[in-house]
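Going by my numbering, the residue at position 140 of the sequence shown is 140; the numbering climbs one at a time, nothing skipped. Heads up, the beta-carbon is just placed ideally off N, CA and C, and yes, glycines get one too. Worksheet: one structure, shown below.
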Amino acid sequence: MATDTPPITDDESGGLLARFSDRQVELGKTLGFHALLWSLIGIVLFPVLWMVIVSVNQTAFEPLVADPLGWASNANLSGYRDVWNESDFPYWLRNSLIVSVGATILSVAVCTLGAYSIGRLRYRGRTVMATFLLVTQMFPAILIAIPLFLVFRDFGLFNTLTGLVIAYVAFTLPFAIWMLRGFYENLPESLEEAAMIDGSTRFGAVVRVILPLSAPAIATTAIFNWVLAWNEFVFALVLINDSEKQTLPPGMGEWIGQQTLNWDMMMAGAIGATIPLLVVFLFLQKYIVKGLAEGAVKS
Numbered sequence: 001m002a003t004d005t006p007p008i009t010d011d012e013s014g015g016l017l018a019r020f021s022d023r024q025v026e027l028g029k030t031l032g033f034h035a036l037l038w039s040l041i042g043i044v045l046f047p048v049l050w051m052v053i054v055s056v057n058q059t060a061f062e063p064l065v066a067d068p069l070g071w072a073s074n075a076n077l078s079g080y081r082d083v084w085n086e087s088d089f090p091y092w093l094r095n096s097l098i099v100s101v102g103a104t105i106l107s108v109a110v111c112t113l114g115a116y117s118i119g120r121l122r123y124r125g126r127t128v129m130a131t132f133l134l135v136t137q138m139f140p141a142i143l144i145a146i147p148l149f150l151v152f153r154d155f156g157l158f159n160t161l162t163g164l165v166i167a168y169v170a171f172t173l174p175f176a177i178w179m180l181r182g183f184y185e186n187l188p189e190s191l192e193e194a195a196m197i198d199g200s201t202r203f204g205a206v207v208r209v210i211l212p213l214s215a216p217a218i219a220t221t222a223i224f225n226w227v228l229a230w231n232e233f234v235f236a237l238v239l240i241n242d243s244e245k246q247t248l249p250p251g252m253g254e255w256i257g258q259q260t261l262n263w264d265m266m267m268a269g270a271i272g273a274t275i276p277l278l279v280v281f282l283f284l285q286k287y288i289v290k291g292l293a294e295g296a297v298k299s
């Protein structure tokens, strides 16, 4: 016995249209979000692509637009060979690694206890000290470069990598203390209290309890300090006058002449200077996310 299918009422048809319309809206939002995301990624990566293209072929903008693949026909690695064999780039790379790693280690070692003091201990003047550290970040590096030059000259630190490490520690230390200070302020005070009740001293509680917990924040601070020291230009330019002792930023700046500029060497050198940064971020990016997330949540 056949049964008649009940007709779809106006309310039901309107609901179906409404639900279909909602799906369209959600699909449109998703497509729009991905289009915007990939557009931003393309904008960010375009300078890198341009850097790679120019490093293998001195291609101007007009020929690249007229024939986007024409640069590949004359691509070569002469720029990379010239950078490595015909310049002091290997010395600059070595010096940048030495100075950046040395400054990062010293800065983190000092800022770990300094940030703990400002963020955890209660004593008169700690707020003034923290404010003073923040104020020092408001002055441009060139303002203190000349006084540092005079002091380092008198102490025999001018034109030495040791002096440059000391300058970078002074340059990165306030930033490092402020990064770690916020993390230490959000740790529960019961952690040290429990350790000291068990017989540990304050310093022992810091070493055995606080430092292991703050490892992601310390790693994040170290990464940012290393990047600051790696990219620093002014101090290296003022405090070093020997080409073989220069770091990468001022050393590559010597390739820019008043009349000429070797674009393929410049871009090849820029790629060589960028690779260490990419390696660090690829291997340590989880510590950056974890450290920032833990420092932003109050327990």
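query, result
"If you reduce the DSSP assignment to three classes, tell me which class I256 lands in.", "strand"
"Which runs of the alpha helix (DSSP H) fall wholly inside the stretch 142-222 and span at least 4 residues, in chain order?", "161-185, 190-197 and 202-205"
"Judging by CA-CA distance, which residue of V207, Y184, E185 and R23 is the nearest neighbour of A195?", "V207"
"For F175, I'd like the list of residues in its chain whose CB is within less than 8 Å of its CB, leaving aside the five on either flank, ordered along the chain.", "Q137, F224, N225 and L228"
"Mapping DSSP to helix, strand and coil, what is L121?", "coil"
"Could you check which residue in S55, G251, I256 and I275 has the C-alpha nearest to that of N95?", "G251"
"Within the same chain, show all residues whose beta-carbon is closer than 8 Å to that of L277, passing over the 5 residues directly before and after it, in chain order.", "V227 and W230"
"Run through DSSP, which three-state label would L77 get?", "coil"
"Measure the beta-carbon distance from F235 to A141 and round it to whole angstroms, keeping in mind my assumption that it falls under 8 Å.", "6 Å"
"May I have the straight-line CA-CA distance separating A205 from L31, to the nearest angstrom?", "52 Å"
"Here's the rule: buried if 16 or more other CB atoms are within 10 angstroms of the residue's CB, otherwise exposed. What is F46?", "exposed"
"Residues bridged to L261 by DSSP?", "I256"
"Apart from the five residues just before and just after L237, which ones in its own chain have a Cβ nearer than 7 Å to its Cβ?", "P250"
"Could you tell me whether the Cβ atoms of G253 and V83 are closer together than 8 Å?", "no"
"Since D264 and S55 are thought to touch, with beta carbons under 8 Å apart, how far apart are those beta carbons, to the nearest angstrom?", "6 Å"
"Let me know if K245 comes out buried or exposed under the rule of 16 or more other beta-carbons within 10 Å of its beta-carbon.", "buried"
"With three or more beta-carbon pairs closer than 8 Å as the criterion, would you say the stretch 172-190 touches the stretch 139-153?", "no"
"Distance check for A35 and E12, CA to CA, integer angstroms please.", "Interpretation of E12 is limited by its pLDDT of 49, a score under 50 that renders its predicted location unreliable; no figure is taken from the coordinates."
"When the Cα atoms are used, what is the spatial distance from F89 to D242?", "13 Å"
"Let me confirm a value: A268 is counted as buried when at least 16 other C-beta atoms fall within 10 Å, else exposed. Which label applies?", "buried"
"Can you check whether the CB of A222 is closer than 8 Å to the CB of T300?", "Absent from the structure is residue 300, since the part of the chain shown begins at 1 and ends at 299."
"Is DSSP giving S87 helix, strand or coil here?", "coil"
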